[in-house]
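Student: Here numbering that gives the first Met the number 0 is used: the first residue of the sequence shown is 0, the next is one more, and so on.
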Amino acid sequence: MNAICEAESKASGEAGIEICSVRAGATTFGVPITRILEILGAPAAKPVPLAPSFIGGLVHYRGEVLTAVSLRSLLDLPAQEGASDVLVLESPAGCFGLMVDAVGEVMTVQPEWIEANPSTLDDRRKALFAGACKLKDGLLVMLDPERLDPMRLLH
């Protein structure tokens, strides 16, 4: 079991991990809801000149300015037409935003349903993904917010 499952299953008493599903391109991803502070419905992100390509912009959040990471850019997907939803995530270094195409439903998955990343996955994606969960209607790729922290991505 990976670190995200261990921490979440302890917090939930082994009853399951509550996951917020999000979409980027044709893929569905999951983020533990315990790491989400708020979901911002398509805020206006201000571009950051000379920033790395994965920085989607700056977003206003409760009187603060957050750096927003674009999941599409991290996955080398083409830019999306229209605005992106932004998840406000917690990390040890502070809060940041994660720009996604759309936010889906909240679901509960059991820790034993989550499998490790396949060995055929490229190293860059292995560094971003925390495993995958087979669902009856598809695959849910698990994201670990700490791996998406802009300060960590810079190093």
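For glycine and all other residues, C-beta sits at the position ideal for the given N, C-alpha and C.
According to DSSP, Pro31 sits in a beta bridge with which residue or residues?
Tutor: Ile18
Student: Using a Cβ-Cβ cut-off of 8 Å (strictly less than) and excluding sequence neighbours within five positions of Trp112, which residues of its own chain qualify?
Tutor: Non-local C-beta neighbours of Trp112 in its own chain, meaning closer than 8 Å and more than five positions away in sequence, comprise Cys132 and Lys133, ordered along the chain.
Student: Taking Cβ to Cβ, would you say Ala43 is nearer than 8 Å to Gly55?
Tutor: no
Student: Can you tell me which residues form a DSSP beta bridge with Lys133?
Tutor: Leu138
Student: Just curious, the beta strand (DSSP E) that Leu65 is in, first and last residue?
Tutor: Glu63 to Ser69
Student: Which partner residues of Leu57 appear in the DSSP bridge assignment?
Tutor: Lys45 and Thr66
Student: So for Ser118, helix, strand or coil by DSSP?
Tutor: Three-state DSSP puts Ser118 in coil, outside helix and strand.
Student: Could you check where the beta strand (DSSP E) with Leu86 kicks off and where it finishes?
Tutor: For Leu86, the enclosing beta strand (DSSP E) has its first and last residue at Asp84 to Ser90.
Student: For Glu111, write down the residues that DSSP places opposite it in a beta bridge.
Tutor: BP columns for Glu111 are empty, so no partner.
Student: Determine the closest residue to Ser83 out of Ser72, Val99 and Gly93, with distance taken between C-alpha atoms.
Tutor: Val99
Student: Here's a check: name, in chain order, each residue in its chain whose Cβ is nearer than 6 Å to the Cβ of Phe28, leaving out the five neighbours to either side.
Tutor: Val21, Val140 and Leu142
Student: Enumerate in chain order the residues of its own chain whose CB-to-CB distance from Ser52 is below 6 Å, with the five nearest sequence positions on each side excluded.
Tutor: Same-chain partners within the cutoff: Ser72.
Student: I need the boundaries of the alpha helix (DSSP H) containing Leu97, first residue and last residue.
Tutor: Segment Gly93 to Val99 is the beta strand (DSSP E) holding Leu97; no alpha helix (DSSP H) there.
Student: Starting from Pro144, follow the alpha helix (DSSP H) in both directions and report where the run begins and ends.
Tutor: Pro144 to Leu147
Student: Check the C-beta distance from Val108 over to Ile16 and give it rounded, since I have them as a contact under 8 Å.
Tutor: Correct: roughly 5 Å between the Cβ atoms.
Student: Suppose you measure from the CA of Ile38 to the CA of Arg146; what does that come to, to the nearest Å?
Tutor: 19 Å
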